[in-house]
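Before any comments, here is the structure.
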Amino acid sequence: MSIEVNNESGIQVDEAQLVALARFIFEQLYIHPQAELSILLVDEPAMEKLHIELMDEPGATDVLSVPMDELTPGTPDKPTPQGMLGDIAICPQVAEVQARNAGHSTQDEMLLLTTHGILHLLGYDHAEPEEKAEMFGLQRDLLTAFTGKEAPAETTQ
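Reading the sequence shown from the start, the letters are residues 223 to 379 in the working numbering.
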């Protein structure tokens with residue numbers, strides 16, 4: 223599997239742990255081992271620019287997902303086909319503020335946002351209450367299984 227992290231944020235982040243988390247999620251959701259994922263860590267001005275370009279909304283946000291091949295989770299008998307899962311952009315500066323407000327570490331917030339972004343790439347959403355319950359439940363389950371501790375509270379915008 224190809225999981226690339228490009229840190230342009232100016233903030234030190236445990237990139238190896240983000241890659242390990244992505245690999246874990248790929249395994250848990252039966253994503254093809256050759257699927258490709260790009261994680262871009264950007265500062266607030268760059269995130270605001272992306273937020274305007276992609277969502278037509280002002281201000282920096284925490285995470286943005288850009289799906290490529292519209293892959294969805296697989297099953298043990300039928301894994302997701304090989305392809306480009308997509309790109310995730312995360313702003314560590316926004317994550318730091320959210321983590322402080324939620325009372326957990328910035329790295330925990332980064333893991334939360336990475337999981338959230340990957341789930342969006344796989345077609346999950348949280349616009350409707352039922353969708354939110356499914357997505358956030360899976361997000362908590364994946365994070366708890368990966369970290370071995372209770373997942374942090376959702377702080378996504």
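Using N, Cα and C, we set each Cβ at its ideal position, and we do this for glycine too.
S260 versus N229, H326, E372, L334, residue with shortest Cα-Cα distance: Checked all of N229, H326, E372, L334; the closest Cα to S260 is N229.
Pairwise C-alpha distance: Y346 and A458: Lying before the first or after the last residue shown, residue 458 is absent from the chain, which here runs from 223 to 379.
L272 - DSSP class collapsed to helix/strand/coil: Residue state, collapsed to three classes: helix.
K371 to L307 span [Cα, whole Å]: Going from the Cα of K371 to the Cα of L307 covers about 27 Å.
Opposing strand residues paired with N228 [DSSP bridges]: N228 is bridged by DSSP to L262.
Beta-carbon contacts of A321 that lie in its chain and below 7 Å, excluding the five residues immediately before and after: Non-local beta-carbon contacts of A321 in its own chain, meaning distances under 7 Å to residues more than five positions away in sequence, involve S327, T328, D330, E331 in chain order.
Reference G296, options H348, E353, P255, V316, closest by Cα: That would be P255, whose Cα lies nearest to the Cα of G296.
Start-to-end residues for the alpha helix (DSSP H) that takes in A355: Counting along the chain, the alpha helix (DSSP H) containing A355 begins and ends at 351 to 369.
C-beta contact flag for L262 and D309 at 8 Å: Here L262 is near D309, since their CB atoms are less than 8 Å apart.
D309, enclosing alpha helix (DSSP H) - first and last residue: It is not in any alpha helix (DSSP H) - D309 instead sits in the beta strand (DSSP E) that spans 306 to 312.
Exposed unless 16 or more other CB atoms sit within 10 angstroms - verdict on G339: In this structure G339 is buried. Its beta-carbon is surrounded by 16 or more other beta-carbon atoms within 10 angstroms.
For L286: DSSP bridge partner residues: Its beta-bridge partners are A311.
Residue span of the alpha helix (DSSP H) that contains A375, given as start and end: Following the DSSP letters along the chain, one finds A375 in no alpha helix (DSSP H), marked with neither H nor E.
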